[in-house]
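Novice: In order, the protein sequences belong to chains C and E. Residue numbering for the first sequence follows the UniProt record's numbering, beginning at 1 and increasing consecutively. Residue numbering for the second sequence follows the UniProt record's numbering, beginning at 1 and increasing consecutively. My questions all concern the structure below.
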Amino acid sequence: MSTVSWITARGLFGRRRFLLLIPLPLLLVVLAVVSRVLKVDPGQWGPPILVGLGLAVVLPVVALIVGTGVLGAEIDDGTVVHILTKPLPRWQIVLPKLAVATGVTAVTVAVPLYVAAVLAHSVRLGLGLVVAAALGALAYSALFLALSLVTRRPVLLGLVYVLIWEGLLGNLVTGTRVLSIQQWVIALADRLAPTDLLSTTVSVPVAAVMTALVSVGFTVLAVDRLRSFSVAGETS
Amino acid sequence: MSVTDQVDTTGAGAPPARATSVLSLAGVSKWYGNVVAVNDVTMDLGAGVTGLLGPNGAGKTTLLHMMAGFLAPSRGTVTLDGTRIWRNPQVYRRLGLVTEREAVHSFLSAYEFVLASAKLHGLPDPAAAARRAIGLVELEGAQDRRIGTYSKGMRQRTRVAAALVHDPQVLLLDEPFNGMDPRQRLHMMELLHRLGDAGRTILFSSHILEEVEQVSGTVQVMVAGRLAASGDFRTIRRLMTNRPHVFAIRSTDDRALAVALMAEPSVTGVELDRTGLTVRAGDYGAFTRVLPKIALARGVRVRALLPEDESLESVFSYLVEA
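Pasting the structure below:
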């Protein structure tokens, strides 16, 4: 494990903010278990819990908390200077942080999704969701990591993207779905494990290409912004 | 730099003398919108300790941030041994920075923190380098406690240790004595002296004259974004002490006092108006000693004696004119 990812992980789990990660995945599992125990038809509870809660809320919110935390928290409290005053090419700072963010998000989200999917349908759906959610975690993390270098309010902007763009507009104007990570994850999961529980209007090739583009593009942006990282002067 | 050099300087023991590094600023300005924070500063910093002196808001931090690669100059160039600092992380092999902001990873212990710095520098023996740096700031006793439990001075020393772990040629410190108690301050001053004597280029900023006086022989004085004076501290200090001092005096008989004061060699000018006297004295000490004697001899009672321009800003702005 690189020193940067070690410090990042220590920072992530050392802050109280980390506790925010626990309730949502827990809720997902609890709701799935209750539905199963009450013998509700999976066609009824599967889509709202797996997609409505799991992919539309738990995945982006966990990714937002973690993704803006791995670098944004250090920028906020000024400790980022300690990592930046080292002769490291900036990609060697961004990539380990992206890896930690993606890994933590993927594990936090994939485990409850897998449990819920197995209860709703099958192991295959569970595995499909795990892989798709991990890819989604990468795209979201790259986006939110870059946001924390582009703006001083990454959480706010991230929430606007998740709630307004993906949540509201994604439901009203289907065209916006082409630029929705959530829809790409659904498309990829449905391709990996075809069921009647997941549905989207975005095609699989579009989803795959866009996920890759967003992941790479925002990572490149983050590296470039970190190269020009400026601390606020006393008069600004 | 050869590998053996690196091993020598990061291992235990005193660092050997090496060729010194030069930090150069050429016509450097920095502005934010319409606000000019640093205005056309040119300076070369070589081996030894240099104080960057100036009142708060003079642009010291902005200048230090440009030297440390955390701000791009709006105009001019900042170079270390000829290579540009902005967007060039390789300079951190030779440069260390201690910011004013007290930011440390409080969940780590001092040893973990300094060790992480050593590893990030890619030093051949990070553990030895970390121990040496912690020894330099005398934190061995507390090195395994979480930084979150430290006093302000201890945190500051932790940050200095982390900045020194790779034995940089150039060390920049922003207000390093803030929040330190007198003993810690003395210790830090000794450390800076030692590093300067060993051929390192040390620059520290301060808005307190006495701090600079005790640590450095050379100073760069900044006022309102400009480099107001630079050179030997004693020369600048003499300019500061010998400048004309202005006093406002009110007494029971201003006119009689004015006449008597004009005869004094320490007085260079007297102005009389309805509110009282304005006296310019060339020699601060002589004037304050002679004033009570004159008043007593003339039977004049002095009601008020106010120095008019004793703020640090006015001392500095006097230097701009000198």
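We put the beta carbon where it would ideally sit given N, CA and C, even for glycine.
Kindly indicate which three-state DSSP category E/Asn39 falls into: helix, strand or coil?
Specialist: The residue given as residue 39 of chain E occupies position 39 in the second sequence. Strand at E/Asn39.
Novice: Which whole runs of the beta strand (DSSP E) in the segment 257-288 of chain E are 3 residues long or more, in chain order?
Specialist: 267-273 and 276-281
Novice: Determine the burial state of E/Pro168: buried for a count of at least 16 other Cβ atoms within 10 Å of its Cβ, exposed for fewer.
Specialist: Your numbering for residue 168 of chain E matches position 168 in the second sequence. Answer is buried; the Cβ neighbour count reaches 16.
Novice: Please state whether DSSP places C/Trp91 in a helix, a strand or coil.
Specialist: Here residue 91 of chain C corresponds to residue number 91 of the first sequence, with the count starting at 1. Three-state result, C/Trp91: helix.
Novice: If C/Thr68 sits next to C/Ala142, beta carbons under 8 Å apart, how far is it from one beta carbon to the other, in whole angstroms?
Specialist: Taking the first residue of the first sequence as position 1, residue 68 of chain C is located at position 68. Taking the first residue of the first sequence as position 1, residue 142 of chain C is located at position 142. Contact doesn't hold; Cβ gap of about 12 Å is too wide.
Novice: For the pair the segment 25-44 of chain E and the segment 191-204 of chain C, tell me if three or more CB-CB distances fall below 8 Å.
Specialist: no
Novice: Looking at C-alpha atoms only, which residue of E/Leu296, E/Ala295, E/Thr288 and E/Val259 is the closest neighbour of E/Leu306?
Specialist: Here residue 306 of chain E refers to the residue found at position 306 when the second sequence is read from its first residue. Nearest option by C-alpha distance: E/Thr288.
Novice: At a CB-CB cut-off below 9 Å, which residues of chain E make contact with C/Leu71?
Specialist: Within the first sequence, the letter at position 71 stands for residue 71 of chain C. Per Cβ cutoff of 9 Å: no residues; C/Leu71 is ~14 Å from chain E at best.
Novice: Just to confirm my understanding: we take C/Ala207, look at its own chain, exclude 5 residues before and 5 after, and list those with CB closer than 6 Å. What are they?
Specialist: The sequence position of residue 207 of chain C within the first sequence is 207, counting from 1. Hits under 6 Å: Trp184, Ala187 and Leu188.
Novice: Strictly under 8 Å for the Cβ-Cβ distance: is E/Leu120 near chain C by that measure?
Specialist: Here residue 120 of chain E refers to the residue found at position 120 of the second sequence. Yes, E/Leu120 counts as interfacial toward chain C.
Novice: Under the rule that 16 or more other beta-carbon atoms within 10 Å means buried, what is E/Lys293, buried or exposed?
Specialist: For the purposes of this step, residue 293 of chain E is taken as the residue at position 293 of the second sequence. It is exposed - the Cβ of E/Lys293 has fewer than 16 other Cβ atoms within 10 Å.
Novice: Taking only three categories from DSSP, how would you classify E/Pro307?
Specialist: The residue given as residue 307 of chain E occupies position 307 in the second sequence. DSSP places E/Pro307 within a strand segment (E or B) once states are collapsed to three.
Novice: Could you tell me which residues DSSP puts in a beta bridge with C/Ser228?
Specialist: The sequence position of residue 228 of chain C within the first sequence is 228, counting from 1. C/Ser228 is not bridged to any residue.
Novice: Which word fits C/Glu74, buried or exposed, when buried means at least 16 other C-beta atoms lie within 10 angstroms of its C-beta?
Specialist: Within the first sequence, numbered from 1, the residue matching residue 74 of chain C stands at position 74. Buried, by the Cβ-count rule.
Novice: Can you check which of these residues, C/Val51, C/Leu98 and C/Leu159, is closest to C/Leu12 by C-alpha distance?
Specialist: Mapped onto the first sequence, residue 12 of chain C falls at position 12. Selected option, being the one with the closest Cα: C/Leu98.
Novice: Just curious, the alpha helix (DSSP H) that E/Lys152 is in, first and last residue?
Specialist: In the second sequence, counting from the first residue as 1, residue 152 of chain E sits at position 152. Unbroken alpha helix (DSSP H) run through E/Lys152: Lys152 to Leu164.
Novice: Check the Cβ of C/Phe218 against every Cβ in chain E and list those closer than 7 Å, keeping chain order.
Specialist: On the first sequence, residue 218 of chain C is found 218 positions in, with the first residue counted as 1. Per Cβ cutoff of 7 Å: no residues; C/Phe218 is ~20 Å from chain E at best.
Novice: Which ranges would you report for the alpha helix (DSSP H) in the segment 101-148 of chain E if only whole runs of at least 4 residues count?
Specialist: Runs of the alpha helix (DSSP H) inside the segment 101-148 of chain E: 110-120 and 126-136.
Novice: Does DSSP put C/Lys86 in a helix, a strand or coil?
Specialist: Taking the first sequence and counting its residues from 1, one reaches residue 86 of chain C at position 86. Three-state DSSP puts C/Lys86 in coil, outside helix and strand.
Novice: Within 8 Å of any Cβ in chain E, is that where the Cβ of C/Lys97 sits?
Specialist: By 1-based counting over the first sequence, the position of residue 97 of chain C is 97. Not one chain E Cβ lies under 8 Å of C/Lys97.
Novice: Suppose contacts are defined by Cβ-Cβ distances below 8 Å. Is E/Val104 in contact with E/Arg159 by that definition?
Specialist: Taking the first residue of the second sequence as position 1, residue 104 of chain E is located at position 104. Taking the first residue of the second sequence as position 1, residue 159 of chain E is located at position 159. Yes.
Novice: Measure from the C-beta of C/Lys39 to each C-beta in chain E and report whether the shortest distance is under 8 Å.
Specialist: Mapped onto the first sequence, residue 39 of chain C falls at position 39. Chain E, which has no Cβ nearer than 8 Å to the Cβ of C/Lys39, makes this no.
Novice: DSSP state of E/Met222, grouped into three classes?
Specialist: Your numbering for residue 222 of chain E matches position 222 in the second sequence. Here E/Met222 sits in strand by DSSP.
Novice: From C/Gly175 to C/Asp190, what does the alpha carbon distance come to, in whole angstroms?
Specialist: Numbered from 1 along the first sequence, position 175 holds the residue referred to as residue 175 of chain C. Numbered from 1 along the first sequence, position 190 holds the residue referred to as residue 190 of chain C. Between C/Gly175 and C/Asp190, the C-alpha separation is close to 19 Å.
Novice: Can you give the Cα-Cα distance for E/Gly299 and E/Gly276, rounded to whole angstroms?
Specialist: Here residue 299 of chain E corresponds to residue number 299 of the second sequence, with the count starting at 1. Here residue 276 of chain E corresponds to residue number 276 of the second sequence, with the count starting at 1. Their Cα atoms are separated by approximately 17 Å.
Novice: Under 9 Å between beta-carbons, which chain C residues line up against E/Ala72? List them in chain order, please.
Specialist: The residue given as residue 72 of chain E occupies position 72 in the second sequence. By Cβ distance, chain C contributes Ser228 and Ser230.
Novice: How many angstroms separate the CA atom of C/Asp41 from the CA atom of C/Ala146?
Specialist: Reading the first sequence from its first residue, position 41 is the one you call residue 41 of chain C. Reading the first sequence from its first residue, position 146 is the one you call residue 146 of chain C. Straight-line Cα distance between these residues: approximately 41 Å.
Novice: With distances taken between CB atoms, is the gap from E/Val246 to E/Thr268 smaller than 8 Å?
Specialist: Counting from one through the second sequence, the residue named residue 246 of chain E turns up at place 246. Counting from one through the second sequence, the residue named residue 268 of chain E turns up at place 268. No.
Novice: Indicate whether at least one CB of chain C lies closer than 8 Å to the CB of E/Ala17.
Specialist: Residue mapping note: residue 17 of chain E aligns to position 17 of the second sequence, counting from 1. Low per-residue confidence applies at E/Ala17: pLDDT is 43, beneath 50, and the placement is therefore not dependable, though the value from the model is reported in the following sentence. No, because no Cβ of chain C sits closer than 8 Å to the Cβ of E/Ala17.
Novice: Would you list the one or two residues that DSSP bridges to E/Ala26?
Specialist: Along the second sequence, read from residue 1 onward, the residue named residue 26 of chain E stands at position 26. E/Thr77.
Novice: Strictly below 7 Å CB to CB, what residues from chain C border E/Tyr111?
Specialist: Taking the second sequence and counting its residues from 1, the one referred to as residue 111 of chain E is at position 111. In chain order: nothing, as chain C lies at least about 14 Å away.
Novice: Taking only beta carbons into account, state which residues of the segment 52-85 of chain C come closer than 9 Å to chain E, listed in chain order.
Specialist: Glu74, Asp77, Gly78, Thr79, Val80, Val81, His82, Ile83, Leu84 and Thr85
Novice: Beta-carbon separation of E/Asn39 and E/Gly225 under 8 Å?
Specialist: To locate residue 39 of chain E, count along the second sequence from 1; it is residue 39. To locate residue 225 of chain E, count along the second sequence from 1; it is residue 225. For E/Asn39 and E/Gly225, yes; Cβs fall inside 8 Å.
Novice: Taking Cβ-Cβ distances shorter than 7 Å, what residues in chain E pair up with C/Thr3?
Specialist: Here residue 3 of chain C is taken as the residue at index 3 of the first sequence, counted from 1. Here the neighbours are Ala116, Lys119 and Leu120.
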